[in-house]
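In case it helps, mature numbering (1 follows the signal peptide of the UniProt record, and there is no 0) puts the sequence shown at residues -19 to -1, 1 to 89. Beta carbons are placed, not taken as given, at the ideal position from N, Cα and C, and that holds for glycine. Note that the structure is a prediction, hence the values are computed from the model and not measured. Some notes on the structure that comes next.
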Amino acid sequence: MTRFSLTFLLAALCSSAFAQQSYQDIGNTRYYQDGMTAQQIGNQTYYSNGNVGQQIGNQTYWSNGQSAQQIGNTTYYNNGTTAQQIGNTTYYSNGKTCQQIGNQMFCN
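Here is the structure:
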């Protein structure tokens, strides 16, 4: 997984505002179904709600106080949530799943 896609993945998984909705990636911008956008520039992600994420190694830090650490195919969040990626599907500890198909993510 590239740094670009890893940052977007972590950003999508971490915030409950993003975690359970679908989105589409076009270039360096992610468009969520609720109208929110996220733009990737270098190791930072800028969200249309004003939140900013920064990736340093396997850790991601958001300006809203959230953070995440990726170890292998599992992501651990500072709120206790975990997410495991197997193939093109991500399984959340709360029972939700997301499936990546091309440049789109579909979540239940």
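- Check the Cα spacing between Q14 and each of Q2, Q51, Q20: the tightest is with Q2.
- The Cβ atoms of Q36 and N24 lie closer than 8 Å to each other.
- Looking at the backbone, the Cα of G53 and that of T71 are separated by about 13 Å.
- Per the coordinates, the alpha-carbon of Q51 lies some 27 Å from the alpha-carbon of G16.
- Here Q80 is bridged, per DSSP, to T70, F87.
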